[in-house]
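Heads up: the structure comes next, in structure tokens.
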Amino acid sequence: MSSANIDPAAILNRALEYAAQNLRVEKLLIQLGLDPANITYDVVFNRLVDIALANINFANMLALVGAVFYVATLMVRTIVPLRIIGIISIVFFIGYGALAGAVATFFLYLLSLPINIIRLRQMLNLVKKARLSAQGDLSMDWLRPFMTPRKYKAGDVLFHKGDVAKEMFYTISGTFLVKEIGVELPPGRIMGELGFIDPKNRRTQTVESLENGEVLTITYDRLLELYFQNPEFGYYFLRLTTERLMQNIARLEENVAENRAKLLAFESAAKRSN
0 MSSANIDPAA
10 ILNRALEYAA
20 QNLRVEKLLI
30 QLGLDPANIT
40 YDVVFNRLVD
50 IALANINFAN
60 MLALVGAVFY
70 VATLMVRTIV
80 PLRIIGIISI
90 VFFIGYGALA
100 GAVATFFLYL
110 LSLPINIIRL
120 RQMLNLVKKA
130 RLSAQGDLSM
140 DWLRPFMTPR
150 KYKAGDVLFH
160 KGDVAKEMFY
170 TISGTFLVKE
180 IGVELPPGRI
190 MGELGFIDPK
200 NRRTQTVESL
210 ENGEVLTITY
220 DRLLELYFQN
230 PEFGYYFLRL
240 TTERLMQNIA
250 RLEENVAENR
260 AKLLAFESAA
270 KRSN
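Numbering (numbering that gives the first Met the number 0), first residue to last: 0 to 273.
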């Protein structure tokens with residue numbers, strides 16, 4: 000028999016007829032309002048259409064739209080669009096829960112709505128502040144919601160040169176000394192950000208606390224999560240760290256120029272004295 004002579008509807012009807020002989024399937028068919036002795040593809044399809052049409056109301060339409068938006072979140076790769084679409088989905092599910100009298104569904108999505116709104120606002124502020132930082136404001140204050148406080152006493156070493164770098168710091172109070180270059184860091188400065196982009200994640204300097212102080216910390220894993228959640232934030236953070244690196248290079252060049260000038264002045268004074 001050629002494949003052209005095969006009737007898919009006939010095969011499906013036979014499969015349904017065979018399935019109807021199963022007791023569980025027979026019970027299900029009776030619950031759906033079908034006659035197990037008269038099961039065909041057309042009968043089953045028409046019955047399912049009737050059930051669907053009979054249950055279509057405004058509340059179920061809200062649930063259907065909410066489900067569509069929820070599925071859409073599974074295909075979004077970045078966090079901001081995901082949060083926005085998720086909030087829209089939640090609003091539709093809240094409407095469904097209210098109209099259908101589904102109390103558990105209503106309160107579940109009602110409680111999750113402000114959480115998603117807060118997270119969306121944090122991420123939007125993160126991107127906005129990152130953009131401003133890349134344009135010249137090197138404050139890292141916009142990372143505070145994602146950081147953890149930590150206190151240090153005078154003489155404590157935050158990290159040594161060559162240590163494995165796992166976190167970045169933001170100074171809140173106290174003064175911290177970068178020992179290799181003799182630079183003191185006041186409150187409102189970042190430390191350890193270059194270890195995030197270093198290929199070996201190693202510390203390039205040693206930092207010691209000169210007095211009792213407090214810092215905020217964020218792990219590189221968390222920073223990497225923020226980086227991949229929003230490509231725009233990642234782009235501006237790279238610009239930020241690059242500008243910070245260029246500032247460090249400029250500071251070193253100034254120190255070298257000052258030391259060279261002092262050396263020339265010393266040599267000139269030595270020649271005159273001779």
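Cβ coordinates follow ideal geometry from the N, Cα and C atoms, glycine included.
Ignore the nearest five residues each way along the sequence and tell me which others in N72's own chain have a CB closer than 6 Å to its CB. Here residue 72 turns out to be Thr, not Asn, going by the sequence shown. Excluding five sequence positions before and after T72, the CB atoms of its chain that fall closer than 6 Å to its own CB belong to L81, I84 and G85, given in chain order.
For V75, which three-state DSSP category applies? Coil.
Sub-7 Å separation of K165 and Y219 beta-carbons: Yes, Cβ-Cβ distance for K165 and Y219 is below 7 Å.
Let me make sure I understand the geometry here. Which of T203, V79, T240 and A99 has the alpha-carbon closest to that of H159? The option with the nearest alpha carbon to H159 is T203.
So, using beta-carbon positions, are E207 and L176 closer together than 7 Å? Yes.
Can you give me the Cβ contacts of T294 inside the same chain, cut-off strictly under 8 Å, excluding the 5 residues immediately before and after it? In the structure as shown, the chain begins at 0 and stops at 273. Residue 294 is therefore absent and cannot be evaluated.
Can you tell me the Cα-Cα spacing of I196 and F227, whole angstroms? Their Cα atoms are separated by approximately 14 Å.
Opening and closing residue of the alpha helix (DSSP H) in which R221 lies: For R221, the uninterrupted alpha helix (DSSP H) run begins and ends at Y219 to Q228, by DSSP.
Between the beta-carbon of T174 and the beta-carbon of E213, is there less than 7 Å? No, the Cβ-Cβ distance between T174 and E213 is not below 7 Å.
Residues of its chain near S1, where Cβ-Cβ distance is below 6 Å and the 5 sequence neighbours each way are ignored: Annotation note: pLDDT 47 at S1 (below 50); position unreliable, no value reported.
What's the call for G272, buried or exposed, on a 16-neighbour Cβ count within 10 Å? The sequence shown places Ser at residue 272, rather than the Gly named in the question. Around the beta carbon of S272, fewer than 16 other beta carbons lie within 10 angstroms, which makes this residue exposed.
Here's the rule: buried if 16 or more other CB atoms are within 10 angstroms of the residue's CB, otherwise exposed. What is A249? Answer is exposed; the Cβ neighbour count stays below 16.
Please state if the CB of L251 and the CB of M146 are separated by a distance shorter than 7 Å. No, these two residues do not count as a Cβ contact at 7 Å.
By Cβ distance, which residues of its chain are closer than 7 Å to E257, with the 5 residues on each side in sequence left out? For E257, same chain residues with a beta-carbon under 7 Å away, outside a window of 5 residues either side, do not exist.
L98 beta carbon less than 7 Å from that of A66: Cβ distance not < 7 Å, so A66 and L98 don't count as in contact.
Judging by CA-CA distance, which residue of L225, A62, N45 and L184 is the nearest neighbour of A101? Checked all of L225, A62, N45 and L184; the closest Cα to A101 is A62.
Report yes if the C-beta distance between L184 and T170 is below 7 Å; otherwise report no. Between L184 and T170, the gap from beta carbon to beta carbon is short of 7 Å.
Kindly indicate which three-state DSSP category I150 falls into: helix, strand or coil? Per the sequence presented here, residue 150 reads as Lys, with Ile not at that position. Strand at K150.
Can you pull the DSSP bridge partners for V163? Residue pairing from DSSP places V163 in a beta bridge opposite R201.
Taking its Cβ as the centre, do 16 or more other Cβ atoms sit within 10 Å of F236, making it buried, or is it exposed? Counting Cβ neighbours within 10 Å, F236 comes out buried, since at least 16 surround it.
Rounded to the nearest angstrom, what separates R188 and G181 at their Cα positions? Those two C-alpha atoms are separated by around 15 Å.
From L225 to G233, what does the alpha carbon distance come to, in whole angstroms? Near 8 Å, if we compare the C-alpha coordinates of G233 and L225.
Let me check understanding here. Comparing Cα to Cα, which of L223, M167 and T205 lies closest to G194? Per the Cα distances, M167.
Just to confirm, is the Cβ distance from I87 to F68 under 7 Å? For I87 and F68, yes; Cβs fall inside 7 Å.
How is L157 classed by DSSP in three states: helix, strand or coil? Looking at L157 - three-state DSSP - the assignment turns out to be strand.
Limits of the unbroken beta strand (DSSP E) element including L176: Segment F175 to V177, the beta strand (DSSP E) holding L176.
Is the CB-CB distance between E192 and T240 below 7 Å? Contact flag set, yes.
Per DSSP, what kind of secondary structure is G194 in: helix, strand or coil? Here G194 sits in helix by DSSP.
Does DSSP put L119 in a helix, in a strand, or in coil? L119: helix per DSSP, three-state reduction.
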